[in-house]
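Some notes on the structure that comes next.
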Ligand code: UDX
Ligand code: ADP
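Numbering (my numbering), first residue to last: 2 to 464.
In structure tokens, the structure reads:
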């Protein structure tokens, strides 16, 4: 079976870049990305390519090349489903905020809606590919909906988890470590799997394309993210011990990272991990383990999240303690709001929680992030519901200029590791701040010695 027409439901951080790269690399396949969010689709279609809704290095060039050729963005979900042989589901699966599994299980309502829509529209056989991160056995639920509400056509469900990291999405998609495809172990399943393998084989070495059963594929995604998050929590746990003992976490990370069994990646101590995946996937894992009565397994993984929450809280309380136990009425600058550099995504960003703690202490916060808007910063804080939006608006300002943001501030806190922060004129920042001037580097990116020479009281994580 040769795929000529792909539809992707969901034009977000996963669907957008993934489909752009598939279209870019497979000029003979028509790829249509659909979304119910009209504003988002309009932005993807904006003539000015710099207005596409997702910031990722290299993405603009890829979209510019493929858009209008074989890459299309549309709100006409039904038409795209009808025309496609293969449908990717890339809708969001947030953690449930209500009912059973609240705060832990994934909310599958958007997935279910998609499945029902596909079932009602499809008049020919379709391969449906789960791309969103999902709890194990979601494929089974999708299949049941499709088979029971469809028009008698055949559906094959594949799991094809996304391993791209934001900020490096385009590179990760162009040169993946591996592509994972899970499907059913029968003849129709093999046909569907090989159809998707052939799509990726347009640019990925076949040896890197792994095929498994559906459940292994689903669980591998959760496991990969749990392991990565666990490394960050492990090094962050050591960072607190380093601060007490006089060890330097950067030196410890380097020393252990050179052990080839451990490896050097994901050992950067920080203010805590964020992003739409790590916490959600671990909570999912915890929920699944508990639902099978595996309480020790659940507790083991839950600790990764608890450590991360502790790290964020510790960073905020350290600021308060250092500023003579009060930040009330003091201006504190946040350099960075995104959950990591090179993305405009702020989901679960540590900055949000650190800001929330400092606002509880009545601090005034000035935020500068090269890619995040004022509207987004306020929406993130309002979403927590800790205080009224009026108070958030009063207390938080978002500045377009980092030097302006730092004027008359008592402290600067680095929340995201944007490269540009390293190249600032820190002497100029120092001269315009209240004294003593404090810098809290939550990402260990600044030159502490140089900053101390200028006159700052400088604190980083784990040193
Ligand atoms: C992650 C996985 O890496 C990716 O494979 C999966 O598809 C989606 O989830 P993402 O969340 O986009 O990707 O970014 P990632 O680079 O994994 O970083 C996650 C968080 O951990 C960020 O807040 C980052 O700053 C933090 N982090 C990462 C650290 O604090 N220290 C590190 O050493 C590495
Ligand atoms: P992710 O990081 O998983 O890509 P996003 O929130 O960035 O998550 O993107 C998911 C997209 O899916 C959103 O733009 C949302 O509007 C879209 N979406 C959710 N449900 C549906 C649906 N039933 N039909 C079409 N689009 C949907």
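Cβ atoms here follow ideal geometry from the backbone N, Cα and C, with glycine treated the same way.
This structure is a prediction, so every number in the text was calculated from the model and none was measured.
In the DSSP assignment, residue 184 falls within the beta strand (DSSP E) that extends over 180-184.
Relative to the ligand UDX, residue 446 has its C-beta separated by 8 Å or more from all heavy atoms. Cα atoms of residue 288 and residue 234: separation of roughly 20 Å, rounded to the nearest angstrom.
Contact between residue 14 and residue 63 is absent: CB atoms are separated by about 15 Å, not below the 8 Å threshold. DSSP, read as helix, strand or coil, puts residue 354 in helix.
Under the DSSP definition of a beta bridge, residue 6 partners with 31. Taking 8 Å as the cut-off, one finds no heavy atom of the ligand ADP near enough to the beta carbon of residue 121. Assigned with DSSP and collapsed to three states, residue 286 falls in helix. Residue 261 has its Cβ no nearer than 8 Å to any heavy atom of the ligand UDX. Bounds of the beta strand (DSSP E) holding residue 156 are 156-160. Every beta strand (DSSP E) stretch that sits fully inside the segment 66-125 and reaches 3 residues is listed by chain position as 72-75 and 87-90. If you draw a straight line from the Cα of residue 4 to the Cα of residue 161, it comes to about 16 Å. In this chain, the alpha helix (DSSP H) harbouring residue 381 covers 375-385. Counting along the chain, the unbroken alpha helix (DSSP H) around residue 143 starts and ends at 139-150.
Looking at the backbone, the Cα of residue 113 and that of residue 98 are separated by about 17 Å.
The C-beta distance from residue 345 to residue 321 rounds to 29 Å, too long to fall under 8 Å, and the pair is not in contact. At a threshold of 8 Å, residue 223 does not count as near the ligand ADP, since its beta carbon sits no closer than that to any of the ligand's heavy atoms. Taken in chain order, the complete alpha helix (DSSP H) segments of 4 or more residues contained in the segment 161-236 are 170-175 and 188-201. A straight-line Cα-Cα distance of about 14 Å links residue 108 and residue 116.
Short note on residue 344: C-beta closer than 8 Å to some heavy atom of the ligand UDX.
In this structure, the beta-carbon distance from residue 406 to residue 440 does not fall below 9 Å. DSSP places residue 335 within a strand segment (E or B) once states are collapsed to three. A distance of 9 Å or more separates the beta carbons of residue 434 and residue 414. The Cβ atoms of residue 37 and residue 76 sit closer than 9 Å to each other.
Counting other Cβ atoms within 10 Å of its Cβ, residue 371 reaches 16 or more and is therefore classed as buried. In this structure, the C-beta of residue 190 stays at least 8 Å away from each heavy atom of the ligand UDX.
Within the DSSP bridge table, the entry for residue 414 names 335 and 441 as partners. With 16 or more neighbouring CB atoms inside 10 Å of its own CB, residue 315 falls in the buried class. Looking at the DSSP output, residue 131 sits in a beta bridge with 90 and 160. Measuring C-alpha to C-alpha distances from residue 253 to each of 310, 270 and 283 identifies 270 as the nearest. Apart from the 5 residues on each side of it in sequence, residue 295 has no Cβ closer than 8 Å to any other Cβ in its chain. Residue side-chain check: residue 75 keeps its Cβ at 8 Å or more from all non-hydrogen atoms of the ligand ADP.
Boundaries of the alpha helix (DSSP H) around residue 42: 39-45. Put simply, the backbone Cα of residue 149 is about 10 Å away from that of residue 121. With respect to the C-alpha of residue 230, the residue from 283, 272 and 200 having the closest C-alpha is 283. Residue environment: residue 305 is assigned as buried (16 or more neighbouring CB atoms within 10 Å of its CB, all protein chains considered).
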